[in-house]
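Below is one structure, written out as structure tokens, with a few remarks after it.
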Amino acid sequence: METTQQAEQQRSARQRRRQLLEAADRVVLRDGPHASMNAIAAEAGITKPILYRHFGDKGGLYRALAKRHTDALLTALRAALDAPAERRERVEATLDTYLAAIEASPQVYRFLMHPAEDTQLPEQGFDVGRHSAPLLRRLGEELAKVIEERVDLGPGSEQLARVWGHGIVGMMHAAGDWWLGERPCSREQLVRSLADLLWGRLAGVSDRAGGPGF
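Take the sequence shown: its position 114, counted from the start at 1, is 109 in my numbering, and no numbers get skipped.
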């Protein structure tokens, strides 16, 4: 009986946490990097102390939101990499998936990557700069794993895969950030240009024997 009750409490807590994250997402979609704990608590119909009880502090809520969106992005990127297509097409599809994600939800992207520029009081915004670097590192490590399992890079392949993984994520982030702010070209043009930059070494390496291919 006690075990059943504990399991029910855990399910209820997970459901409540998911509802609070959905409320936070609505505020982020509206306010971007200006989203505050006060606004999120109001959107969820609770007091701020209850919100703190679930996430600890603003950093805890930010990390939960970052994981939620990063998980979704990684799933989409893996789907692009697994598509039945030639390698060049998969490279372009992966780049396009990332750019399409930040284009579709620019306020979410700005919340995750850019602090509010006009923040004066601590409660007005999140200390985004302190948390965005780990998010990018996670993307880099995940991409490195994909490269390592799919491409035969020869001696030192694990280290080289990590170099490539973090380098590609850094390139996508920097180029995407610039493109989202200035829109100097179409998304398709940016994808082709970035793929051209990557293609030289990728075109020459072989798939890892027994791996899923790249």
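By construction, the Cβ of each residue, glycine as well, lies at the ideal position given by its N, Cα and C atoms.
Quantities reported herein were computed from a predicted structural model and do not represent experimental measurements.
Quiz prompt | Rounded Cβ spacing between Arg63 and Leu134 (contact assumed at less than 8 angstroms) | solution = Not a contact, Cβ separation roughly 14 angstroms.
Quiz item: How long is the line joining the alpha carbons of Trp159 and Ala18, rounded to whole angstroms?
Solution: 36 angstroms
Quiz item: What three-state label does DSSP hand Asp77 in the structure shown?
Solution: coil
Self-check item: For Phe209 and Arg82, believed in contact at Cβ under 8 angstroms, the rounded distance
Solution: 6 angstroms
Quiz item: In chain order, what residues of the same chain have a beta carbon less than 6 angstroms from the beta carbon of Glu137, not counting five sequence neighbours either side?
Solution: Leu69
Self-check item: Sufficient close CB pairs (3 or more, under 8 angstroms) joining the stretch 78 to 96 to the stretch 31 to 38
Solution: no
Quiz item: Closest Cβ-Cβ distance between Arg73 and chain B: below 8 angstroms?
Solution: This model lacks chain B altogether, as it is built from one protein chain only.
Exercise. Specify the secondary structure class of Val146 as computed by DSSP and reduced to three states.
Key: strand
Quiz item: So Leu90 and Met167 are in contact, right, with Cβ under 8 angstroms, and what is the actual spacing, rounded?
Solution: 7 angstroms
Practice problem: Leaving aside the five residues before and after Trp174 along the sequence, list all residues of the same chain whose C-beta is less than 8 angstroms from its C-beta, in chain order. | Solution: Leu94, Cys180, Arg182 and Leu185
Quiz prompt | Simplified DSSP assignment, three categories, for Ser201 | solution = strand
Quiz item: Got a sec? Which residues, its chain only, sit under 7 angstroms from Glu38 by beta carbon, not counting five neighbours each side?
Solution: Ala18, Arg21 and Val22
Quiz prompt | Cβ-based burial, Ile45 [other Cβ within 10 Å; buried from 16] | solution = exposed
Self-check item: Alpha carbon of Arg105 to alpha carbon of Lys53, nearest angstrom
Solution: 16 angstroms
Practice problem: Compare the beta carbon distance of Val86 and Leu197 with 8 angstroms and say whether it is the shorter of the two. | Solution: yes
Quiz item: Looking at the unbroken alpha helix (DSSP H) that takes in Thr42, where does it start and where does it end?
Solution: Taken as a continuous stretch (DSSP letters only), Thr42 belongs to no alpha helix (DSSP H), as it is neither H nor E.
Exercise. Report the three-state DSSP secondary structure of Asp172 (helix, strand or coil).
Key: helix
Quiz prompt | Length of the line joining the Cα atoms of Leu131 and Gly165 | solution = 8 angstroms
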